[in-house]
């Protein structure tokens, strides 16, 4: 049986059912095929090797203990070899994360480690390292009525010189304390993994499923001061930010995507408003949200 | 720094928290700096930042550590340390508060194969307790006493939220000390915080010698002077310190020997002594009759 999905701007045909994704009802040919089968034991020409992965210019081999081995090739094929008794949720979590990250690199598409919402028909992107508050910020705005278009990975494509954000899938991952802070009752939401107190929050009703132009990119960071600060960046800092905030950027070294990554980042740095929002360690979501909203107004003076 | 001659290239700066680890890091940063002035406390060499950093771990494991369970993180940590060690072309300092433990498959979290040398810093638990209470911002000595006695104590762990750092298994103060005594003795030097304070030249020189660092008595004297607590406090007053916890008033507090005497009640002190008698005797904080020596 083949399941058909649409995610990150790609049509997927998969032997593995991935209920998190939006179904593709067209008869168009797939961009990516996902199959269950044998994966290579190693990539002999790999120069970039981590503890769990090997990378060549067009391949990723990732082996996660007790979960699965994944082989991603040419931006077109993903082969999964599940470990005995592994949990399907776990298999899908790392497929939709690191494997798609590598696949997007192989497709030479810039993908930021980011969540995104829609503001007046344009994408507002929140990027930052893990734990910076991307999902919490995006979901807080979603709960105020803004649509959400992706959580954790935000691919970006230039269309006729305009940067567009591509949609992910209608699910968000949030820690239980973040849901407490958002006053969301999570008891009916499944855990992302059995042994992790992180919940899979469905965002079906308020999901944006089309690619839309980017309005702004905010990098979320923490500092030791007491106030929330908004910082403008010059073009070289914007470039560095995009390069460092690229999803699984450490996969790019020694791959064919490397020069494209440089080019994609520098093009985007010139085309999009990119700023940093730096907040104290303590909970200060209301201040962060009002800083964002104020700034979004200033980006659109006509609509104030 | 010493050129690569061995498999292991990591120099572990290990300790239970609040035992002088940051001071030691600042000393090395000063000793190995070519600058004509003291190093800035907010610009410490980043590779020193520790064994618990998520970014380095994630980039070697290929997934987000926030999506992994504690057991999985413990499974990958020894491999991450060995991989990092192999990638180095010279020895690097890595700070750790981890007790020396093994993961589910029997591998040491701090593997000896990844190690060039290790310095284990130990401090009188009575002073550690006081410093720990202030550092956490709760100022609750009874809670700190319990923490120092808990075999399950972890740093950087919360079951329902993501912490900035990876979890580190501490265990009790005594258990922490005992665990590190199992490290291969040719690689390990145990140093008392009190000896660094009372005989800095002699004790720092011993450390420098253990690590085979090229240095001189003059440079060691200069680095000790540049790392004086009064200077660190002044720098923290002027510009803050980015490793201070949000709840605590300041990071570089007193750094004194015996400040517990002004803060703990006799009952509190007795509790700590009872909990940690064996290791306190072993490291000369108590005599065999149970009398305090510091």
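Residue numbers (our numbering), protein chains in the order written: chain V, -6 to 297; chain Z, 15 to 308. Where a beta carbon is used, it is the ideal one built from N, C-alpha and C, also for glycine.
Who are the near neighbours of residue i in its chain, counting only those whose CB is closer than 6 Å to its CB and skipping five residues on each side?
{"i": "residue 299 (chain V)", "result": "With chain V covering only -6 through 297, there is no way to say anything about residue 299 (chain V)."}
{"i": "residue 258 (chain Z)", "result": "265"}
{"i": "residue 322 (chain Z)", "result": "The first residue shown for chain Z is 15 and the last is 308, placing residue 322 (chain Z) beyond what the model contains."}
{"i": "residue 38 (chain V)", "result": "49"}
{"i": "residue 104 (chain V)", "result": "97, 146, 148 and 240"}
{"i": "residue 274 (chain Z)", "result": "140, 141 and 144"}
{"i": "residue 63 (chain V)", "result": "55, 73 and 92"}
{"i": "residue 206 (chain V)", "result": "115, 155 and 157"}
{"i": "residue 3 (chain V)", "result": "24 and 25"}
Leaving out five residues on either side along the sequence, give the residues of the same chain with a beta carbon under 7 Å from the beta carbon of residue i.
{"i": "residue 17 (chain Z)", "result": "Confidence at residue 17 (chain Z) is low in this model, with a pLDDT of 49, below 50, so the placement of that residue is unreliable and no value is reported for it."}
{"i": "residue 307 (chain Z)", "result": "298, 299, 300 and 301"}
{"i": "residue 92 (chain Z)", "result": "117, 121, 122, 123 and 125"}
{"i": "residue 59 (chain V)", "result": "76 and 79"}
{"i": "residue 8 (chain V)", "result": "-5, 27, 28 and 29"}
{"i": "residue 284 (chain V)", "result": "221, 223 and 270"}
{"i": "residue 45 (chain V)", "result": "55, 56 and 57"}
{"i": "residue 52 (chain Z)", "result": "44, 240 and 245"}
{"i": "residue 47 (chain V)", "result": "35, 36, 39 and 54"}
{"i": "residue 84 (chain Z)", "result": "181"}
{"i": "residue 264 (chain V)", "result": "156"}
Using a cut-off of 9 Å between C-beta atoms, extract the partners of residue i located in chain V.
{"i": "residue 68 (chain Z)", "result": "122, 123 and 124"}
{"i": "residue 256 (chain Z)", "result": "216 and 217"}
Report all residues from its chain with a CB closer than 8 Å to the CB of residue i; omit the five preceding and five following residues, and keep chain order.
{"i": "residue 279 (chain V)", "result": "none"}
{"i": "residue 226 (chain V)", "result": "234, 267, 268 and 269"}
{"i": "residue 164 (chain V)", "result": "13, 144, 193, 194, 195 and 196"}
{"i": "residue 87 (chain Z)", "result": "71, 79, 180 and 181"}
{"i": "residue 94 (chain Z)", "result": "70, 71, 74 and 75"}
{"i": "residue 131 (chain V)", "result": "108, 109, 110, 119, 141, 144 and 165"}
{"i": "residue 68 (chain Z)", "result": "79, 80, 178, 179 and 180"}
Run through chain V and tell me which residues come within less than 8 Å of residue i, C-beta to C-beta.
{"i": "residue 73 (chain Z)", "result": "43 and 243"}
Give me the Cβ distance between residue i and residue j, rounded to the nearest whole Å; I'm assuming they're in contact under 8 Å.
{"i": "residue 261 (chain V)", "j": "residue 156 (chain V)", "result": "5 Å"}
{"i": "residue 136 (chain Z)", "j": "residue 285 (chain Z)", "result": "Contact doesn't hold; Cβ gap of about 19 Å is too wide."}
{"i": "residue 151 (chain Z)", "j": "residue 66 (chain Z)", "result": "With 8 Å as the limit, residue 151 (chain Z) and residue 66 (chain Z) do not qualify as a contact, their Cβ atoms being about 20 Å apart."}
{"i": "residue 140 (chain V)", "j": "residue 213 (chain V)", "result": "Not quite, the Cβ-Cβ distance comes to about 19 Å (not below 8 Å), so this is no contact."}
{"i": "residue 113 (chain Z)", "j": "residue 202 (chain Z)", "result": "About 14 Å separates the two Cβ atoms, so there is no contact after all."}
{"i": "residue 109 (chain V)", "j": "residue 116 (chain V)", "result": "5 Å"}
{"i": "residue 240 (chain Z)", "j": "residue 44 (chain Z)", "result": "4 Å"}
{"i": "residue 207 (chain Z)", "j": "residue 73 (chain Z)", "result": "Not quite, the Cβ-Cβ distance comes to about 34 Å (not below 8 Å), so this is no contact."}
{"i": "residue 111 (chain Z)", "j": "residue 31 (chain Z)", "result": "5 Å"}
{"i": "residue 293 (chain Z)", "j": "residue 192 (chain Z)", "result": "7 Å"}
{"i": "residue 188 (chain Z)", "j": "residue 164 (chain Z)", "result": "Actually they are not in contact, since the Cβ atoms of residue 188 (chain Z) and residue 164 (chain Z) sit about 11 Å apart, beyond 8 Å."}
{"i": "residue 107 (chain Z)", "j": "residue 25 (chain Z)", "result": "5 Å"}
Residue i versus chain V: which residues are under 7 Å apart at the beta carbon?
{"i": "residue 78 (chain Z)", "result": "90 and 123"}
Name the chain Z residues that come within less than 7 Å of residue i, Cβ to Cβ?
{"i": "residue 188 (chain V)", "result": "83"}
List the residues of chain Z whose Cβ lies closer than 8 Å to the Cβ of residue i, in chain order.
{"i": "residue 16 (chain V)", "result": "Within 8 Å Cβ-Cβ: nothing; residue 16 (chain V) doesn't reach chain Z, min ~25 Å."}
{"i": "residue 278 (chain V)", "result": "The contacting residues do not exist; residue 278 (chain V) stays about 14 Å from chain Z at best."}
What residues of chain Z sit near residue i, judged by a beta carbon separation below 9 Å?
{"i": "residue 58 (chain V)", "result": "86, 89 and 90"}
{"i": "residue 55 (chain V)", "result": "76 and 77"}
Going by the C-beta, is residue i closer than 7 Å to any heavy atom of the ligand MG?
{"i": "residue 76 (chain Z)", "result": "Ligands in the displayed structure: none, and consequently the ligand MG is not present."}
Check: Got a sec: which bits of the segment 80 to 108 of chain Z sit with their beta carbon under 9 Å from any beta carbon on chain V, in order along the chain?
Finding: 80, 81, 82, 83, 84, 85, 86, 89, 90, 93, 94, 96 and 97
Check: For the segment 19 to 46 of chain V, which residues have a CB atom closer than 7 Å to at least one CB atom of chain Z, in sequence order?
Finding: 43, 44, 45 and 46
Check: Along the segment 77 to 99 of chain V, what residues have a CB closer than 8 Å to any CB found in chain Z?
Finding: 86, 87, 90 and 91
Next item on the list: Mind listing, in chain order, the continuous alpha helix (DSSP H) runs of no fewer than 4 residues lying wholly within the segment 41 to 95 of chain V?
Entry: 81 to 87
Check: Listed in chain order, which residues of the segment 219 to 240 of chain V have Cβ atoms closer than 8 Å to some Cβ of chain Z?
Finding: none
Next item on the list: Please list the segments of the beta strand (DSSP E) lying wholly inside the segment 148 to 221 of chain V, counting only runs of 3 or more residues, in order along the chain.
Entry: 155 to 158, 164 to 168, 191 to 195 and 205 to 216
Notebook entry, point to check: Which full runs of the alpha helix (DSSP H) of 4+ residues lie inside the segment 99 to 162 of chain Z, going along the chain?
Noted result: 139 to 150
Margin query: Give the list of continuous alpha helix (DSSP H) stretches no shorter than 4 residues that lie fully inside the segment 182 to 231 of chain Z.
Written below: 187 to 194, 207 to 212 and 214 to 224
Notebook entry, point to check: Unbroken alpha helix (DSSP H) runs of length 4 or more, entirely within the segment 20 to 65 of chain Z: which are they?
Noted result: 35 to 45
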